[in-house]
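These protein sequence lines are chains A and B, in that order.
Just so you know, the first sequence maps onto residues 1 to 56 in the UniProt record's numbering.
Just so you know, the second sequence maps onto residues 1 to 729 in the UniProt record's numbering.
For each residue, glycine too, the CB sits at the ideal point set by N, CA and C.
Predicted model, so just to flag it, every value in this text is computed and none were measured.
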Amino acid sequence: MEILVILVPLALMLGGAGLAAFLWSLRSGQYDDLDGAAWRAIADDEPPPQEAPAKR
Amino acid sequence: MQVTRDFSHYVRTAGAGLQHIDLAVEGVHCAGCMAKIERGLSAIPDVTLARVNLTDRRVALEWKEGRLDPARFIDRLEELGYKAYPYETESAEATEVAESRFLLRCLGVAAFATMNVMMLSIPVWSGNVSDMLPEQRDFFHWLSALIALPAAAYAGQPFFRSAWRALSNKTTNMDVPISIGVCLALGMSVVETVNHAEHAYFDAAIMLLTFLLVGRFLDQNMRRRTRAIAGNLAALKAETAAKFVGPDEISQVPVAAIHPGDIVLLRPGERCAVDGTVIEGRSEIDQSLITGETLYVTAERGTPVYAGSMNISGSLRVRVSAASEATLLAEITRLLDNALAARSRYMRLADRASRLYAPVVHATALITILGWVIAGTSWHDAIVTGVAVLIITCPCALGLAIPTVQTVASGAMFKAGVLLNSGDAIERLAEADHVIFDKTGTLTLPDLDVTNAADIPPDSFALAGRLALSSHHPVAAAVAQAADAKSPIVGAVEEAGQGVRAVVDNVELRLGRPSFCGAEALVGRATLDPEASIVAFSKGAEKFILSVRQGLRPDAQAVIAALKDRNIGVEILSGDREPAVIAAAHALSIAEWRAGVTPADKIARIEELKRRGSKVLMVGDGMNDAPSLAAAHVSMSPISAAHLSQATADLVFLGRPLAPVVAAIDSARKALHLMRQNLWLAIGYNVLAVPVAISGVVTPLIAAAAMSGSSILVMLNSLRARSASREIV
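1. Let me confirm a value: Gln-30(A) is counted as buried when at least 16 other C-beta atoms fall within 10 Å, else exposed. Which label applies?
2. Please report how far the alpha carbon of Phe-414(B) lies from the alpha carbon of His-586(B), in whole angstroms.
3. Of all the CB atoms in chain B, is at least one closer than 8 angstroms to the CB of Val-5(A)?
4. Does DSSP classify Ile-279(B) as helix, strand or coil?
5. In this structure, does DSSP put Pro-260(B) in helix, strand or coil?
6. Listing by chain order, which chain A residues have their CB less than 7 angstroms from the CB of residue 748(B)?
7. Beta carbon of Gly-569(B), beta carbon of Gly-399(B): below 8 angstroms?
8. So the alpha helix (DSSP H) His-154(B) belongs to, where does it begin and stop?
9. Apart from the five residues on each side of it in sequence, which residues of its chain come closer than 8 angstroms, Cβ to Cβ, to Leu-366(B)?
10. Out of Gly-308(B), Val-690(B), Ser-460(B), which has the shortest C-alpha to C-alpha gap to Cys-394(B)?
11. Going along chain B, which residues have a C-beta under 7 angstroms from Leu-23(A)?
12. Between Leu-26(A) and chain B, is the shortest Cβ-Cβ distance under 8 angstroms, so that the two count as touching?
13. Could you work out which residue in Val-384(B), Val-191(B), Phe-160(B), Glu-38(B) is closest to Leu-212(B) when comparing CA atoms only?
14. Name the residues in the region 193-206 of chain B whose C-beta lies less than 7 angstroms from a C-beta of chain A; which are they?
15. Going by other Cβ atoms of all chains shown within 10 Å of its Cβ, with 16 needed for buried, is Leu-54(B) buried or exposed?
16. Does any residue of chain B bring its CB to less than 8 angstroms from the CB of residue 118(A)?
17. Starting from Leu-429(B), trace the alpha helix (DSSP H) in both directions and tell me its first and last residue.
18. The region 212-224 of chain B: which residues have C-beta closer than 8 angstroms to a C-beta of chain A, in chain order?
19. At the 8 angstroms Cβ level, is Glu-2(A) part of the contact set with chain B, yes or no?
20. Using a Cβ-Cβ distance cut-off of 8 angstroms, determine whether Thr-55(B) contacts chain A.
21. From which residue to which residue does the alpha helix (DSSP H) around Glu-192(B) run?
22. Relative to the alpha-carbon of Tyr-357(B), which residue among Gly-684(B), Pro-177(B), Ala-671(B) has its alpha-carbon at the smallest distance?
23. If contacts are defined as beta-carbon pairs under 8 angstroms, then Ile-74(B) and Val-52(B) qualify, I think. What distance do you get, rounded to the angstrom?
24. Counting Cβ pairs closer than 8 angstroms, one from the region 429-438 of chain B and one from the region 537-550 of chain B, do we hit at least three?
25. Quick check: is the beta carbon of Ser-324(B) nearer than 8 angstroms to any beta carbon in chain A?
26. What are the boundary residues of the alpha helix (DSSP H) that includes Val-387(B)?
27. Restricting to Cα atoms, I'd like to know which of Leu-443(B), Asp-46(B), Ser-309(B) is closest to Phe-653(B).
28. Spell out whether any CB of chain A is found under 8 angstroms from the CB atom of Asn-232(B).
29. Can you find a C-beta in chain A that's less than 8 angstroms from the C-beta of Val-523(B)?
30. Got a sec: is the Cβ-Cβ distance from Arg-101(B) to anything in chain A below 8 angstroms?
31. Quick check on Val-52(B) - is its C-beta less than 8 angstroms from some C-beta in chain A?
32. For a test of the three-state rule: what should DSSP assign to Ala-241(B), helix, strand or coil?
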């Protein structure tokens, strides 16, 4: 059961890290536009190349 | 005369030599629009940030302070095909956003704490049946306390505050039993841990907060979203006015930047955005949005004009007055204040449920304690059992029962074109059994339409439409729209108060008053609609007359029939003259109507219906309807309504059809049904769980399972509200 000395603080730290990450994401405005964020994930980074030849 | 657009009111400095403006944008729907706008705006030199918010339909822009004029962004967006207007965050919306973030933060804290406490609880639960040492169990309990107590102190704030507010006002609400339950559960768990006992309820208490915060956050988020959309709509209406900044120089400024005493120019075809008095000029104005009266009023020096009036024929200079100076407005404001004060404080379903719930639960817990003491157990064990009763009955599912349905139903209504202004509107709308319609702008469309287009040869009508494009007169605008005219005739001349003329292929074309076109004889002969404005069109010797009037909304008849099918009474209360009201009532086969009704009369009629026990839904758009919108049980306005009315109404519907009225009633009825069902589910679960708790065999495991089970059941049931508004009429 000595393993608890490592596991319990480790678990608490992981939990704390998760909470910190959530609070950070909240503060940096990542929940302000949920609809937009869903689309941004699939948007192209660059404008599509003009009339790119179809690749086969 | 020079016209400039002045947006400086909306620009704020963002620090480090940057300036910031928020624009509300119409017609942004997808990723494509988002990318197009962001690229298009970023391409402007000096722009450092262009970010679209798809949820709120807004663009945030930042640029280096200097020569860049914000009007340029709006022009650029117009080139890209989007209408944009500067947007100013109202304080009400800012509060909602802050509140929403706070709840999300609380929810995050509570959820993480729940997960971690659960991680510690599960070994304890399984250890209780295997080989866990009491010391290890105590250690885990202490760790749970370490996590749960600070987390509950932080995440419980919304409930504790609200409960405290209710108690200091000597009332009670749902948050009182919640707060008592959570505090007792935590307190008892600490005592039990100190005494090395087997069961502690840290997990149940913090999980309860998590579930309740989900409900709270959904509720808040719905309100925030509605506010954002309402704010955009206000911005998209582009309430600007042409203010004189010099004797001959005018600047188009937002209404917020106009102060009493300023002088504004009101051109023909413009809607007045301020209240004031005419100081120069002569014109006809359409006050139908204010009084419901469709006949034009002559405005000259000294005539008061109100925000929402449409200027028809000539240019007017208006001196802006403070709102209370205008007599009609003062009267409406007084009635509105009275109606709002008298609005019988509707008790929300959740509050009614908690008023019954709290005493029953607390009495049960007390009886449990006393019962066990009488039966011979120790005070300690009896109190532990009593607290277990409180924990297991804590209104977890009850707290989710209503917000989840509201969120889903408001989403369904939004799809049907209805926006909610107040959270409890759904419950009240579901109860409505009598609908009072205003006529002008509500049953009829706010814009004009040509009624006899079919009688005129298409090529002549097309010419009339093109000629009409050269005039600002609203009737001309209606002709142009009906003819779907795109290209104006070059060299067309407008004669103020008469009409427009032009020469095409050596034939003189005229559009305007019958006398201007020499068509009086035609008007004399024809039997015409008394409600319509008549314009004449002459092409050389050929003469035609066009009858222009406000048409009924395209589906008004079907909607009225649908309402009658649902056993809902229908009635018209209009400020317009009798013949106009009779015509509309007849066309829609509405038996009950009143014409020439004043705002005070409208309220009197609503009060009378209330006394008879009817729940009245008032649908109106005019400023004269605002007091009755507040007096009715529930109220709705079209999006074209006067500012004051729209702010007063509980629901706002978009677009030309009237169908959203029926759709909203259907959604609301379905939603109320589901809310009741959810409450019964929550109660049913309690009926099963409470005997177990009273008997004293509840373990923390049973409490946690019962709590999450009932909450998930209620949430799943709420999702059924989504299919509410498929079928409209």
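According to the structure shown:
1. Answer is exposed; the Cβ neighbour count stays below 16.
2. Looking at the backbone, the Cα of Phe-414(B) and that of His-586(B) are separated by about 32 angstroms.
3. For Val-5(A), the answer is no, since every Cβ of chain B falls outside 8 angstroms of its Cβ.
4. Here DSSP, grouped into helix, strand and coil, assigns Ile-279(B) to strand.
5. Pro-260(B) falls in the coil class under three-state DSSP.
6. Because chain B is modelled from 1 through 729, residue 748(B) falls outside the range shown and cannot be assessed.
7. In this structure, Gly-399(B) does not lie closer than 8 angstroms to Gly-569(B) by Cβ.
8. The amino acid occupying residue 154(B) in the given sequence is Tyr; His does not appear at that position. Where Tyr-154(B) is concerned, the enclosing alpha helix (DSSP H) stretches over 134-155.
9. Only Gly-386 meet the Cβ criterion.
10. Across the set Gly-308(B), Val-690(B), Ser-460(B), the C-alpha of Val-690(B) shows the shortest separation from the C-alpha of Cys-394(B).
11. Arg-105, Gly-108, listed in chain order.
12. Yes - at least one Cβ of chain B is within 8 angstroms of the one on Leu-26(A).
13. Residue Phe-160(B) is the option with its Cα nearest to Leu-212(B).
14. For the region 193-206 of chain B, the set of positions with a beta-carbon nearer than 7 angstroms to some beta-carbon of chain A is empty.
15. Buried, by the Cβ-count rule.
16. Since the displayed chain A opens at 1 and closes at 56, residue 118(A) lies outside it and no answer follows.
17. 425-431 is the span of the alpha helix (DSSP H), which, as asked, contains Leu-429(B).
18. Those residues of the region 212-224 of chain B placed with their C-beta closer than 8 angstroms to a C-beta in chain A do not exist.
19. No, its Cβ sits nowhere closer than 8 angstroms to a Cβ of chain B.
20. Yes, Thr-55(B) counts as interfacial toward chain A.
21. For Glu-192(B), the uninterrupted alpha helix (DSSP H) run begins and ends at 175-194, by DSSP.
22. The residue from Gly-684(B), Pro-177(B), Ala-671(B) with its alpha-carbon nearest to that of Tyr-357(B) is Pro-177(B).
23. In fact, because the Cβ distance is near 15 angstroms, the residues do not count as touching under 8 angstroms.
24. No contact exists between the region 429-438 of chain B and the region 537-550 of chain B.
25. For Ser-324(B), the pLDDT reaches just 47, beneath the cut-off of 50, and the residue's location in the model is therefore unreliable, leaving the point undetermined.
26. From DSSP, the alpha helix (DSSP H) with Val-387(B) extends over 379-393.
27. Considering only alpha carbons, the answer is Leu-443(B).
28. With its beta carbon at least 8 angstroms from every one in chain A, Asn-232(B) lies outside the interface.
29. Cβ-Cβ to chain A under 8 angstroms: no for Val-523(B).
30. At least one CB atom of chain A sits nearer than 8 angstroms to the CB of Arg-101(B).
31. Closer than 8 angstroms to some Cβ of chain A, the Cβ of Val-52(B) qualifies, so yes.
32. Three-state result, Ala-241(B): strand.
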